[in-house]
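Worksheet: one structure, shown below.
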Amino acid sequence: MRLTTKLSAFITFLSLLAMSLMLAGCAFSVFWFSHQRVEHRAQILATEVDQAMFTQTPAELHVWLTRMMPIMNAEQISLHNGRQTFLTLSRHENQMLEDEPNRFIQVDVPLMHQTGLELRVVTLDPAKTWLRSITGTSTLGILFTVMLVMSLVLLLMHRWLSRQWRGMEHLEVRAEAIISGERGVMPKRGADEWPPRASRALDVLLADLQEAGEQRLRIDTLIRTFAAQDGRTGLNNRLFFDNQLATLLEDQEAVGTHGVVMMVRLPDLDTLKDSLEPGLVEEYLFNFVNMLSTFVLRYPGALLARYFRSDFAVLLPHRSLKEANSIADQLINAVDSLPPMRLVNRDDLIHIGISAWHSGQTVPQVMENAEMATRRAALLGGNNWTNGAGNPQDAGRGSVRWRTLLENTLSRGGPRLYHKPTVNIEGKVQHRVMLTRIFDGDKEVLAAEYMPLVQQLGMADGWDRQLMTRIAALSELWPEETLVIPVTITSL
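One point on numbering: in the UniProt record's numbering, the residue at position 162 of the sequence shown is 162, and numbering is uninterrupted.
What follows is the structure, encoded as structure tokens:
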């Protein structure tokens, strides 16, 4: 319960309590003062009788006491000493007093100068008599009606105040949510939020904050894009290339990742700008980059980057030296497709250094081997390529060995299955991505390495069919989970 609701409820309770206490106090005052009035009159009458007893006998008091009874509204007056009654006056029969004793008040007052005598006065109770009368009943009914109406008015006012303060409570709820960091999922303000200007100002500030966050996200994306991009060629830059290579070398899944790095070096074309038009040099560089990027895109997972001035680096994960040597031969042959340009010798244009890498190495080690291989190719002269020092002689399988490994995997029931949970922002598992690996006798091979061979050897249909059958059977045992199945486009 909010402070405003507590305050309104407390005020309503105090008002009702004050009305009840006032009514009870008034009723008590009426009864108490009526009794006090009767006792006071009886005391005055006893004083008069005490004075009259000096000159009159009790029988002589009969006349004027009879006249005093209607004035005092007395029903019975008697004078006695406890053993004997000397005088008794009654306005009605005694049976009336015995039938309704609760309507009468009896007061015994001792006479001061007449030792042993007491004056007993029995009179109607004015409060009870008034309560039983039509006037008293009507008055009490009116009072209770007024009290009921006032209570209803107070309750209605309490409800009205609660509605008025509900807007403040809604505003406070939104403010608490904003303070706790729930800015992106906050609903829009309600129409009853109060004060309206503060609520509108809060909406404006939240909108500005959301817009600033989106703009910051766009700027961050733009900065990252430009930070990972070479401004001259539009390719990836050296920093991005080194980060990708470092990620592969870390081998977080511990499956023994490997691959090849190729360093492609051109002559320094910037030195030709003094002899040729700058536009021709830029156009020639653009044609070479276009040819190189088109060629590299044929291989899944390959990455092309401008490493330094006229050096271009190609990252080929899960490739062997044999495949890299074949790719280098194709690149050298593709140089003939470039348009000729004056002062550029196409027979001594491209030099390629190849360095194989595996998990556990560092980026400087791999790139230093590629750099040394590129220098060796440049010293040999002509368009050629060389392998880096320390490269294994045979780091890959041929197509026959790949086919044998893949066919044996299919005959044994398919690849090994793993699952990787995808967790949403609430920390709950949204779905599970199924991952496949094959075992070559020494280590597990990732899907990124063998799936291109599966498609190349024409085994994609049978491979995906067997995979779908196994995962479908698994989903029957795991009905509460959503499984994501990797399927090649070729089989679809």
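The beta-carbon is built from N, C-alpha and C at its ideal position, and this holds for glycine as well.
Is the separation between the beta-carbon of residue i and that of residue j shorter than 8 Å?
| i | j | result |
| --- | --- | --- |
| Leu-331 | Phe-295 | yes |
| Met-68 | Leu-87 | no |
| Val-363 | Asp-242 | yes |
| Ser-8 | Leu-161 | yes |
| Ala-305 | Arg-238 | yes |
| Phe-31 | Glu-75 | no |
| Asn-369 | Gly-388 | yes |
| Leu-316 | Ala-324 | yes |
| Arg-470 | Gly-414 | yes |
| Ala-447 | Leu-435 | yes |
| Thr-488 | His-431 | no |
| Pro-267 | Ser-326 | no |
In three-state terms, what does DSSP make of residue i?
| i | result |
| --- | --- |
| Asp-125 | coil |
| Trp-357 | strand |
| Lys-428 | coil |
| His-318 | coil |
| Ile-105 | strand |
| residue 493 | Coverage of the chain is limited to positions 1 through 492, which leaves residue 493 absent and any answer about it impossible. |
| Val-445 | strand |
| His-419 | strand |
| Trp-478 | coil |
| Arg-83 | coil |
| Phe-10 | helix |
| Asn-73 | coil |
| Phe-54 | coil |
| Glu-118 | strand |
| Asp-311 | strand |
| Met-459 | coil |
| Pro-278 | helix |
| Trp-385 | strand |
| Thr-135 | helix |
To the nearest angstrom, how far is it from the Cα of residue i to the Cα of residue j?
| i | j | result |
| --- | --- | --- |
| Pro-101 | Leu-21 | Because the pLDDT at Pro-101 is just 48, under 50, the model does not fix this residue reliably, and the point stays unresolved. |
| His-170 | Asp-192 | 8 Å |
| Arg-416 | Glu-371 | 38 Å |
| Trp-463 | Ile-438 | 12 Å |
| Gln-51 | Ala-27 | 37 Å |
| Asp-274 | Leu-280 | 11 Å |
| Leu-349 | Gly-234 | 22 Å |
| Arg-375 | Leu-297 | 26 Å |
| Pro-110 | Leu-148 | 47 Å |
| Val-423 | Pro-486 | 19 Å |
| Ile-11 | Leu-217 | 51 Å |
| Val-429 | Pro-421 | 6 Å |
| Gly-213 | Arg-200 | 20 Å |
| Trp-478 | Gln-365 | 46 Å |
| Gly-353 | Leu-338 | 21 Å |
| Ala-198 | Leu-155 | 29 Å |
| Leu-61 | Ala-127 | 29 Å |
| Trp-64 | Met-53 | 13 Å |
| Glu-118 | Gln-106 | 12 Å |
| Pro-195 | Met-168 | 7 Å |
| Val-121 | Gly-25 | 28 Å |
| Asn-236 | Met-451 | 25 Å |
| Arg-166 | Ser-34 | 50 Å |
| Arg-91 | Asp-108 | 18 Å |
| Arg-41 | Gln-84 | 24 Å |
| Phe-308 | Asp-230 | 10 Å |
| Glu-98 | Thr-66 | Caution applies to Glu-98, whose pLDDT of 49 falls short of 50 and renders its modelled position unreliable; the value that the coordinates give is listed next. One C-alpha to the other measures close to 21 Å. |
Cutting at 7 Å between CB atoms, please list the residues of its own chain near residue i, excluding the five before and the five after it.
| i | result |
| --- | --- |
| Thr-490 | Gln-455 and Ala-460 |
| Gln-95 | Confidence in Gln-95 is poor, its pLDDT being 46 and thus under 50, which makes the residue's placement unreliable; the coordinate value appears in the next sentence. For Gln-95, where only same-chain residues beyond five positions count, there are no Cβ hits under 7 Å. |
| Ser-151 | Leu-16 |
Between the Cα of residue i and those of the options, spot the shortest distance and give me the residue it belongs to.
| i | options | result |
| --- | --- | --- |
| Arg-265 | Val-289, Glu-250, Asp-251 and Leu-276 | Val-289 |
| Thr-123 | Gly-301, Asp-220 and Gln-36 | Gln-36 |
| Trp-402 | Leu-249, Ser-320 and Leu-297 | Ser-320 |
| His-318 | Asp-268, Thr-257, Leu-272 and Leu-217 | Thr-257 |
| residue 557 | Asn-81, Glu-172 and Lys-128 | Outside the displayed range of the chain (1 to 492) lies residue 557, so it cannot be described from this structure. |
| Ala-378 | Gln-43, Met-263 and Leu-143 | Met-263 |
| Ser-355 | Thr-386, Arg-197 and Arg-346 | Thr-386 |
| Pro-300 | Ile-142, Ala-207, Asn-287 and Glu-449 | Glu-449 |
| His-283 | Leu-492, Ala-227, Arg-232 and Ala-313 | Sequence inspection shows Glu at residue 283; the His mentioned does not correspond to that position. It is Arg-232. |
Leaving out the 5 sequence neighbours to the left and right, which residues in its chain are closer than 8 Å to residue i when beta-carbon positions are compared?
| i | result |
| --- | --- |
| Thr-55 | none |
| Leu-131 | Thr-137 and Leu-140 |
| Gln-361 | Leu-249 |
| Leu-276 | Met-341, Arg-342 and Leu-343 |
| Ala-328 | Met-262, Ile-352, Ile-354 and Trp-385 |
Whose C-beta lies closer than 6 Å to the C-beta of residue i among residues of the same chain, with five residues either side of it excluded?
| i | result |
| --- | --- |
| Asp-394 | The predicted position of Asp-394 is uncertain, since its pLDDT is 45 and thus under 50; a value taken from the coordinates is nonetheless stated next. Taken in chain order, the list of residues that qualify is empty. |
| Leu-453 | Trp-402 |
| Ala-302 | Val-296 and Leu-316 |
| Ser-293 | Leu-304 |
| Ala-473 | none |
Heavy atom of the ligand ADP less than 7 Å from the Cβ of residue i, yes or no?
| i | result |
| --- | --- |
| Phe-312 | Ligands in the displayed structure: none, and consequently the ligand ADP is not present. |
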